[in-house]
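K.L.:
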Amino acid sequence: MSELAQGIDEMAVDAWVVALDVGGSGSRLVAEFGNSTHPERISLSGRAVKVSHHGSDAPAVVASLCQSFNAWAARMGHDGMSDGSTAPVASAAVGITGLTSLVEKPTDVHDILARELRTNRTAVAGDALTAHLGALAGRAGAVLSVGTGAVAFGFDGVSRWRRADGWGHLLGDLGAGVWVGGEALRAAGRYHDGASRGASKRLLEAAVAKFGLIESWPNQFYKNAERARQLASMAPEVMIAAAEGDPTSIRILEEAGRHLADTLSSALGRGIPPLASTTGRLVQEESPLTVSLTKHLSEDRPDVSLVPSAGSPLDGALKLAQRLRETPQSVAGFRPWLTVRVDGHHTLHEAAEDMGAAETLTAELSATELPGDELQ
1 MSELAQGIDE MAVDAWVVAL DVGGSGSRLV AEFGNSTHPE RISLSGRAVK VSHHGSDAPA
61 VVASLCQSFN AWAARMGHDG MSDGSTAPVA SAAVGITGLT SLVEKPTDVH DILARELRTN
121 RTAVAGDALT AHLGALAGRA GAVLSVGTGA VAFGFDGVSR WRRADGWGHL LGDLGAGVWV
181 GGEALRAAGR YHDGASRGAS KRLLEAAVAK FGLIESWPNQ FYKNAERARQ LASMAPEVMI
241 AAAEGDPTSI RILEEAGRHL ADTLSSALGR GIPPLASTTG RLVQEESPLT VSLTKHLSED
301 RPDVSLVPSA GSPLDGALKL AQRLRETPQS VAGFRPWLTV RVDGHHTLHE AAEDMGAAET
361 LTAELSATEL PGDELQ
């Protein structure tokens, strides 16, 4: 055991557990001190990630939040390690938007957490996976995350993870914000062209107000690296139009619900208990989408209990960090969505079916956020 590992194990009760959620609408850090039922808790906020042709700057956001935590601990006078560093940290976990496609080297995030927080137990996950841990409070089952993209994870409570969708807007994300927005623009285009089926004057008006004349749309979308985010920005307009009674918008949301029910059902594969939840802006309030999702899931899997979300992705990251502190050997990785490092080594009992899958195509944007979302 390393000196750092030994030091942390000896003071585990008196060390911090740190969790971060880093996304396109902002970032947050929570830390808990002590091992009681009412630990001391602090919360800090940071900026949103920025995406360029080099990818996401999430590692820099993680570093900044960790430095803010250290600065806070120094101001508050918390005693630290024997080497003089502040705020002993037993474990840390982070959930990151676009981890698998926009963060060039996720291992760098492990290095940053270890260096800035002086901890030997770190976990780096995609935000949809921490959303699972938050929504079911760490219990086994499946969680569907719906925002710009859509992905569902099933977990057997021990070591087996199962994923459905999350393939990005060109290959999947069926029923997600990007899919709903694309269907809305197609309906707008059909009305413009004089089609009688699947057309919507209401959506054409909303899209023209947002993007300008329809003749400009091909150039705006086909050449835009932010196409997925731009398409997803139409999803709230569809929700509004459906609430006003627009039949085409209602149909789009009902079809989205059917797709999402299929995704959630797929994640509830063999060995996954029949417990499920949903998270993300598109499923926060009742709508034709949520009604359709519930209806089709109950038809496909009448044995499944669909329960309200118990917490946020940040809560899930905290749950992951707590497990790393208490039973690090029980936390299995699930590449590329979750990597775990204990005492300088990545866990070896990662899901075999996903080993070496770092190049898997995945959603480029958040599976829990929509453009314009603010962290709660």
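Note that the UniProt record's numbering numbers the sequence shown so that position 363 is 363, with each residue one more than the last. In this text, a Cβ means the ideal position worked out from N, Cα and C, and glycines have one as well. Nothing here was measured: the structure is a model prediction, and the numbers come from that model.
1) Alpha carbon to alpha carbon, how far is Val18 from Glu326?
2) In whole angstroms, give me the CA-to-CA distance for Phe211 and Gln230.
3) Rounded to whole angstroms, what's the CA-CA distance from Ala15 to Thr290? Just pull it up for me.
4) Can you name the start and end residues of the beta strand (DSSP E) that Val17 belongs to?
5) What are the complete beta strand (DSSP E) segments, minimum 3 residues, inside the stretch 59-119?
6) Look at the Cβ atom of Ala135, then the Cβ atom of Gly154, and state whether they are nearer than 7 Å.
7) For the candidate residues Val331, Asp173, Ile240, whose alpha-carbon lies nearest to that of His259?
8) Compute the Euclidean distance between the alpha carbons of Glu183 and Leu102, then round it to the nearest angstrom.
9) Tell me Glu32's beta-bridge partners as DSSP assigns them.
10) Is the number of C-beta pairs between the stretch 265-283 and the stretch 143-151 that are closer than 8 Å three or more?
11) Find the nearest neighbour of Thr339 within the set Asp127, Val61, Pro273, judged by alpha-carbon distance.
12) Taking just the CA atoms, how far does Arg323 sit from Ser249?
13) Between Asn70 and Gly311, what straight-line distance do the alpha-carbon atoms span, to the nearest angstrom?
14) Can you give the Cα-Cα distance for Met81 and Ser52, rounded to whole angstroms?
15) Based on Cα-Cα distance, which residue from Gly157, Asp165, Glu285 lies nearest to Ala150?
16) Distance check for Asp315 and Val109, CA to CA, integer angstroms please.
17) Report the rounded CA-to-CA distance for Ala176 versus Ser309, giving the unit in angstroms.
18) The alpha helix (DSSP H) spanning Trp217 covers which residue range?
19) Leaving out the 5 sequence neighbours to the left and right, which residues in its chain are closer than 7 Å to Ala352 when beta-carbon positions are compared?
20) Starting from residue 386, trace the alpha helix (DSSP H) in both directions and tell me its first and last residue.
21) Return yes when the Cβ of Gly95 is within less than 7 Å of the Cβ of Pro336, no when it is not.
22) Out of Trp179, Ala267, Ala93, point me to the one whose CA is closest to Arg160's CA.
23) Between Glu40, Leu117, Ser91, which lies nearest to Ala63 when the distance is taken from Cα to Cα?
24) In angstroms with no decimal places, state the Cα-to-Cα distance between Leu264 and Met76.
P.N.:
From the atom records:
1) About 13 Å.
2) Spanning the alpha carbons of Phe211 and Gln230 requires a straight line of approximately 9 Å.
3) Put simply, the backbone Cα of Ala15 is about 42 Å away from that of Thr290.
4) That run of the beta strand (DSSP E) goes 16-23.
5) The qualifying runs are 89-96.
6) It is not a contact, given that the beta carbons lie outside the stated cut-off.
7) Closest option to His259, Cα to Cα, is Asp173.
8) In this structure, the straight-line span from the alpha carbon of Glu183 to that of Leu102 is close to 26 Å.
9) Note: Glu32 sits in a beta bridge opposite Val17, Arg41.
10) Short answer: they touch.
11) Relative to the Cα of Thr339, the nearest Cα in the group Asp127, Val61, Pro273 belongs to Asp127.
12) Distance between the alpha carbons of Ser249 and Arg323: 43 Å.
13) Cα-Cα distance, rounded: 26 Å.
14) Any reading at Met81 must be qualified, since the residue scores a pLDDT of 44, below 50, and its modelled position is unreliable; the value itself is stated next. When rounded, the distance between both Cα atoms is 38 Å.
15) Comparing Cα positions, the closest option is Asp165.
16) Roughly 19 Å between the two C-alpha positions.
17) Looking at the two C-alpha atoms, the distance is approximately 18 Å.
18) Element bounds for Trp217: 217-222.
19) Residue placement at Ala352 is flagged as unreliable, the pLDDT there being 38, under the threshold of 50; the coordinate-derived value follows with that caveat. Taken in chain order, the list of residues that qualify is empty.
20) The structure shown does not extend to residue 386, since the chain spans only 1 to 376, so no value can be given for it.
21) In this structure, Gly95 does not lie closer than 7 Å to Pro336 by Cβ.
22) Scanning Trp179, Ala267, Ala93 for the CA closest to the CA of Arg160 turns up Ala267.
23) Selected option, being the one with the closest Cα: Leu117.
24) Straight through space, the alpha carbons of Met76 and Leu264 are spaced by roughly 45 Å.
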